[in-house]
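Protein chains in written order, with my numbering: chain A, 106 to 461; chain B, 106 to 461. All C-beta atoms in this analysis are idealised placements derived from N, C-alpha and C, irrespective of residue type, glycine included. Treat the numbers as computed from the prediction; the structure is a model and nothing was measured.
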DNA sequence: CTACGTTAAGCAAACGTTTGCACCACGACC
DNA sequence: GGTCGTGGTGCAAACGTTTGCTTAACGTAG
């Protein structure tokens, strides 16, 4: 088969299915203009460079062919990808889907596409994902997997990678951040319990050494207790090794075995709250009759548990939306010094708390 | 400023930050070879074309510069993006994160990246997302948002877009599909209830007209009842308008108001099961003492409800993994006629079912 | 009537890869 | 000792855009 035949066949193949992506060259040919002119006509900000009538012809040609610009080619030339990397610990954890959803929606509005990766809280895995996403030329990152000390984030910051922390912060405070006013959240929980007459209030926190969320809630607990004039010292505080039911149970049990008999518990999150519930059941006490429990995050179905869990609701979705918006702003070149945005949580009172 | 100076400055600027992505040209220069040779040395399948010693030099140069190939440029040339579009109804629905996670993991293994979009079961929104993803040159789709009749999918199929349905099928059966053996799942539920001595077994299904999952579970219910020699006719079957607690409650209440008094209910999914639980409570009956209830999907915390919900567990994660694998196989050009893969569900017995 | 500014459009070079083809030694074969 | 492969390498043309520069056409002013 000679070259001409081969080419013809090749062209035929490419032309036959009407879904074959048409190119700017096709549009230009149909409109009878140069590809450069077509490019200008189709771009919003340089549309004024072509005569209205030509612009119209190009539009029609594009519409006829169902032309959609190839973002790959465009990206190669402009060095922009209109993609954002999203680093999340685990999509399977119900805490994160609403955040991701918020990011998705905010990005979609302006033509950006998120590239999401799960880190499993594993620094090595995270680094790999980060590199892969950078290789794909994402224009910035929303990071929801931060630890209080986080070398990767420090490096990225130093390199000037546009980056916004979501939900979890770093101690240094050197990054743009959108998170929850955890202290206010736990304060609402403590105030609620105090109003119900509780004085012996315990806190079963999360992994305070690693995660800002756990840490802030602990700090918030101590502060709120002090403000209420109550004893918020070590004997009523324990920490779960992770935000899980089992670790919560273990930590609570440890507290109970120390002889402490709190009438109420503020938990680091809802899973820890469930663990606490198990632990007090194990020693024959009941919630809420003997011990009130307040969770954190207000996860799905928290209202259907037995008893329905009083919990601090946080604005997951808005957290995602704001994170994306702040990042886009940064990419647009606005803002100079890092800013931290605190979103307000809201206590939801249910059956797991009761007056003493 | 003359051109030479300008160019030099430009180069300096590009070189200064050591995170500036280095290009194949840089690698080639350092290794003292042509960029074509460098390209070949770095590609696994054409590495044999260059001498081992040259290949080594190129490797070293690449390592030194921390070179990572630009997938955008590569994609432009090869017409491949190494991305897959994932269409999911709503990430916020706990059913989908494990599926997406399975897809992510399976794709990551072979260097692909998923581009995920939420459809909200809205056909127009879905079409937009589909177009956006196609414009981004995804190489194929995993679609978890299928309706039994689905014009968009039919069109995509007709156009030859590589596409795999996940979880939800289309009636036509013309698409490659990875889903759950719903009939077997509901059969396990019915058999379990029958073994407990139940004879009056109701089914509160989902939106059977639109979704294959709801439809198959209904069909499965009828078949299982027939096999057990029981009456599975209309008077004990109702359908919720959607897979929600509220719609489940309404449908169940309707059944009860018709005078029916089943001793057991198989629900279309866990949320409907919760609605049923509410409905029977409203008329003063209790679960499981008066009515046993079996859910479907075994959603997170189903084991912590009151009573813990007996439910049919489906392999979400594996569903995602297999969907991705099948799609990759298709893209690689393997397989010709559409195949449907059925993954096995597994009943998990808990407190919401009891012997009569 | 020439010169000049302005507007619209085209030309061509990039962006960072991949890949068909040409080239060049070099050893082997007739 | 020419002629052939053959293995290694380089050259240059793509891929589909964007964009700086140039050209063409057309008024308008001097």
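Contacts that residue i makes with chain B (C-beta to C-beta distance below 7 Å)
| i | result |
| --- | --- |
| residue 209/A | 223 |
| residue 199/A | 199, 405 |
Beta-carbon proximity of residue i to residue j, cut-off 8 Å
| i | j | result |
| --- | --- | --- |
| residue 455/A | residue 379/B | no |
| residue 281/B | residue 130/B | no |
| residue 241/A | residue 183/B | no |
| residue 275/A | residue 251/A | yes |
| residue 339/B | residue 452/B | no |
| residue 325/A | residue 345/A | no |
| residue 319/A | residue 360/A | no |
| residue 140/B | residue 159/B | no |
| residue 450/A | residue 289/A | yes |
| residue 448/B | residue 248/B | no |
| residue 287/B | residue 321/B | yes |
| residue 257/A | residue 231/A | yes |
| residue 341/B | residue 305/B | yes |
| residue 145/A | residue 134/A | no |
Inter-residue Cα distance where the pair is residue i and residue j
| i | j | result |
| --- | --- | --- |
| residue 343/B | residue 389/A | 42 Å |
| residue 302/A | residue 383/B | 33 Å |
| residue 254/B | residue 391/A | 51 Å |
| residue 216/A | residue 431/A | 16 Å |
| residue 195/B | residue 223/A | 18 Å |
| residue 220/B | residue 328/A | 44 Å |
| residue 352/A | residue 297/B | 34 Å |
| residue 266/B | residue 246/B | 8 Å |
| residue 415/B | residue 421/A | 30 Å |
| residue 427/B | residue 375/A | 32 Å |
| residue 386/A | residue 367/A | 14 Å |
| residue 377/B | residue 429/B | 29 Å |
| residue 332/B | residue 424/A | 52 Å |
| residue 192/B | residue 336/A | 52 Å |
| residue 445/B | residue 263/B | 18 Å |
| residue 187/B | residue 417/B | 35 Å |
| residue 348/A | residue 316/A | 10 Å |
| residue 181/A | residue 458/A | 58 Å |
| residue 143/B | residue 132/B | 7 Å |
| residue 212/B | residue 411/B | 39 Å |
| residue 234/A | residue 190/A | 9 Å |
| residue 113/A | residue 128/A | Because the pLDDT of residue 113/A is 29, which lies under 50, any placement of that residue in the model is unreliable, and the number read from its coordinates should be weighed accordingly. Near 18 Å, if we compare the C-alpha coordinates of residue 128/A and residue 113/A. |
| residue 309/A | residue 244/B | 48 Å |
| residue 88/B | residue 270/B | As displayed, chain B neither begins before 106 nor continues past 461, which places residue 88/B out of reach and without an answer. |
| residue 238/A | residue 209/B | 13 Å |
| residue 225/A | residue 154/A | 50 Å |
| residue 438/A | residue 147/A | 25 Å |
Distance cut-off 7 Å: residue i Cβ against heavy atoms of the ligand SAM
| i | result |
| --- | --- |
| residue 434/B | With respect to the ligand SAM, the structure shown offers nothing to examine, as it has no ligands at all. |
Where the alpha helix (DSSP H) containing residue i begins and where it ends
| i | result |
| --- | --- |
| residue 231/B | 228-240 |
| residue 320/B | 317-332 |
| residue 219/B | Element bounds for residue 219/B: not the alpha helix (DSSP H) but the beta strand (DSSP E), 218-223. |
| residue 295/A | 287-300 |
| residue 159/A | 157-170 |
| residue 206/B | 201-214 |
| residue 356/B | 350-362 |
| residue 343/B | Careful: residue 343/B lies outside any alpha helix (DSSP H), inside the beta strand (DSSP E) at 342-344. |
Interface partners of residue i on chain A, CB under 7 Å
| i | result |
| --- | --- |
| residue 435/B | Within 7 Å Cβ-Cβ: nothing; residue 435/B doesn't reach chain A, min ~17 Å. |
| residue 186/B | 177 |
| residue 218/B | 220, 241 |
| residue 202/B | 196, 197, 202 |
Contacts that residue i makes with chain A (C-beta to C-beta distance below 9 Å)
| i | result |
| --- | --- |
| residue 411/B | 409, 410, 411, 412 |
| residue 192/B | Here the premise fails: no neighbours, minimum Cβ distance about 13 Å. |
Residue range of the beta strand (DSSP E) that includes residue i
| i | result |
| --- | --- |
| residue 446/B | 445-448 |
| residue 397/B | 397-402 |
| residue 527/A | Only positions 106 to 461 of chain A appear in the structure, and residue 527/A is not among them; the question remains open. |
| residue 190/B | 188-193 |
| residue 271/B | 268-271 |
| residue 452/A | 451-453 |
Cross-chain neighbours of residue i in chain A, by beta carbon under 8 Å
| i | result |
| --- | --- |
| residue 180/B | 177 |
| residue 173/B | 236, 239, 240 |
Residues that residue i contacts on chain B, provided the C-beta gap is smaller than 8 Å
| i | result |
| --- | --- |
| residue 206/A | 195, 196, 197, 223 |
| residue 379/A | 409 |
inquiry  = Three Cβ pairs or more, each shorter than 8 Å: is that satisfied between the region 199-206 of chain A and the region 159-171 of chain A?
reply    = These segments do not touch.
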